[in-house]
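Protein chains in written order, with this note's numbering: chain A, 14 to 229; chain B, -8 to 172.
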């Protein structure tokens, strides 16, 4: 009896199914990716072991850049409108409320905030902005800003107070910001950092290993 | 013409110059497309997971104006950490004595060991870490030391303004260290 002849099989595989899966995943990731908006102020944040994700809604963020200049950014346009009106009423600054509402962040002394918000968006960036003056303890303008924020959120849920500082900024700016917070009874805030692994062998690592819930 | 149209004679005839279209396979090689797809997938996977910033919480105490309202700490349980410029760290336990003999120099690598050692020697209720950042230290240093608090699970710590004498001591030790190099 002669051996049965095995049929020669083709080595090419049907790629269609794999291709379908690949592109399904691809479209999923493209749609879920949120690209960081181009930031006008370049800030490199430090690392920490904190595990909580920074909130991206309903925030009031204080940004400290590498030269120690302070900027304020918030997302709620109604609150911004309130602040603009309050500034116009009390200090007579003549701010264009619509422009103020559209501005992503503020970084100028109160006296020149009107011209700051009237600048076109693309010119409002880089290291040439003055920042909110905080260094002078007697005239820390961030205190005024925080007071207005406090008033704007009166009766509402308190905003997520965030602080985003650059690695290289010096401590006095940080201190000035903390002082402004304290003066307005904002005693709870969060600092934006990049995640980092917990070093092996430390107490926190042991606590995580034994499944204890972390006190945030 | 070398070829002749031999199809059925009954139907309509094509002109002599027109060839019958060759039947092409509809199968396309999908391999490059799959390659590209997976390349993009890997790209998007990496970019999505990497750019999620985290937030570190900090609760500030309310300023106590009167000395009797302030929190008291046992001297034996206190360790003071001072942050100097160029990532230098200094520390002392208890109170700074007059000759500053307990004022020690350290760095961000060794401070963990120092804190762990202090923690193992002290009653947990009494242990308080006082952090005094100088004018020269960076925001990163402050975050690093606060992070060190959570890494070592130190519950009680305070950010306190630096005293002039401590500032001078830091300047002096930094000068000495600079001279030694």
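We put the CB at the ideal spot given by N, CA and C, even for glycine.
Source: prediction; values computed, not measured.
Any chain A beta carbon closer than 7 angstroms to residue i
i	result
residue 24 of chain B	yes
residue 32 of chain B	yes
residue 143 of chain B	yes
residue 82 of chain B	no
residue 70 of chain B	no
residue 37 of chain B	no
residue 168 of chain B	no
residue 155 of chain B	no
residue 140 of chain B	no
residue 104 of chain B	no
residue 29 of chain B	yes
residue -4 of chain B	Summary for residue -4 of chain B: the model assigns pLDDT 49, below 50, so the residue's position carries little reliability; its value from the coordinates is reported in the next sentence. Not an interface residue.
residue 51 of chain B	yes
residue 183 of chain B	No answer is possible for residue 183 of chain B: it lies beyond the span of chain B, which begins at -8 and ends at 172.
Closest residue to residue i among the options (Cα-Cα distance)
i	options	result
residue 88 of chain A	A:117, A:155, A:106	A:117
residue 94 of chain A	A:109, A:37, A:167, A:105	A:109
residue 183 of chain A	A:78, A:99, A:28	A:78
residue 126 of chain B	B:153, B:84, B:120, B:89	B:153
residue 142 of chain B	A:57, A:217, A:194, A:177	A:217
residue 137 of chain B	A:133, A:204, A:166	A:204
residue 150 of chain A	A:19, A:192, A:112	A:192
residue 187 of chain A	A:80, A:27, A:73, A:161	A:80
residue 75 of chain A	A:181, A:190, A:201	A:190
residue 45 of chain B	A:213, A:206, A:214, A:223	A:206
residue 25 of chain A	B:168, B:12, B:69, B:18	B:18
residue 202 of chain A	B:110, B:51, B:65, B:102	B:51
residue 115 of chain A	A:121, A:58, A:86, A:142	A:86
residue 163 of chain B	B:12, B:71, B:29, B:79	B:79
residue 64 of chain A	B:37, B:48, B:38	B:48
residue 107 of chain B	A:220, A:91, A:215, A:40	A:215
Contact with chain B by residue i, beta-carbon distance below 7 angstroms
i	result
residue 17 of chain A	no
residue 170 of chain A	no
residue 229 of chain A	At residue 229 of chain A, the pLDDT of 46 sits below 50, so the modelled position is not reliable; the number obtained from the coordinates is stated separately. Taking Cβ atoms only, chain B reaches closer than 7 angstroms to residue 229 of chain A, which makes this a yes.
residue 30 of chain A	no
residue 216 of chain A	yes
residue 235 of chain A	In this structure chain A extends from 14 to 229, so residue 235 of chain A is not present and cannot be described.
residue 147 of chain A	no
residue 65 of chain A	yes
residue 86 of chain A	no
residue 182 of chain A	yes
residue 24 of chain A	no
residue 208 of chain A	yes
residue 213 of chain A	no
residue 144 of chain A	no
residue 120 of chain A	no
residue 46 of chain A	yes
residue 37 of chain A	no
Where residue i falls: helix, strand or coil (DSSP)
i	result
residue 182 of chain A	coil
residue 215 of chain A	coil
residue 60 of chain A	strand
residue 69 of chain B	strand
residue 0 of chain B	Model confidence at residue 0 of chain B stands at a pLDDT of 46, short of 50, so the residue's coordinates are unreliable; what they give is reported in the following sentence. In the structure shown, residue 0 of chain B sits in coil (DSSP, three-state: anything other than H, G, I, E or B).
residue 105 of chain B	helix
residue 147 of chain A	coil
residue 86 of chain A	strand
residue 129 of chain B	strand
residue 91 of chain B	coil
residue 20 of chain A	coil
residue 111 of chain B	helix
residue 108 of chain A	coil
residue 209 of chain A	coil
residue 19 of chain B	coil
residue 45 of chain A	helix
residue 222 of chain A	helix
residue 28 of chain A	coil
residue 28 of chain B	helix
residue 80 of chain A	coil
DSSP bridge partner residues for residue i (one or two, in chain order)
i	result
residue 176 of chain A	A:75, A:204
residue 80 of chain B	B:74, B:97
residue 124 of chain B	B:74
residue 48 of chain B	A:203
residue 159 of chain A	Answer is none; residue 159 of chain A lacks a bridge partner.
residue 149 of chain B	B:121
residue 66 of chain A	B:45
residue 119 of chain A	A:85
Cβ-heavy atom distance, residue i to the ligand FAD, below 6 angstroms
i	result
residue 30 of chain A	In the structure shown, the ligand FAD is absent, as is every other ligand, since no ligand is present at all.
Distance between beta carbons of residue j and residue i, contact taken as under 8 angstroms
i	j	result
residue 31 of chain B	residue 32 of chain A	The pair is not a contact, with the Cβ atoms about 13 angstroms apart (cut-off 8 angstroms).
residue 85 of chain B	residue 119 of chain B	Not quite, the Cβ-Cβ distance comes to about 11 angstroms (not below 8 angstroms), so this is no contact.
residue 120 of chain A	residue 145 of chain A	6 angstroms
residue 43 of chain A	residue 35 of chain B	6 angstroms
residue 58 of chain A	residue 177 of chain A	6 angstroms
Beta carbon proximity, residue i to chain C, threshold 7 angstroms
i	result
residue 224 of chain A	In the displayed structure, chain C is absent; the protein chains listed are A and B.
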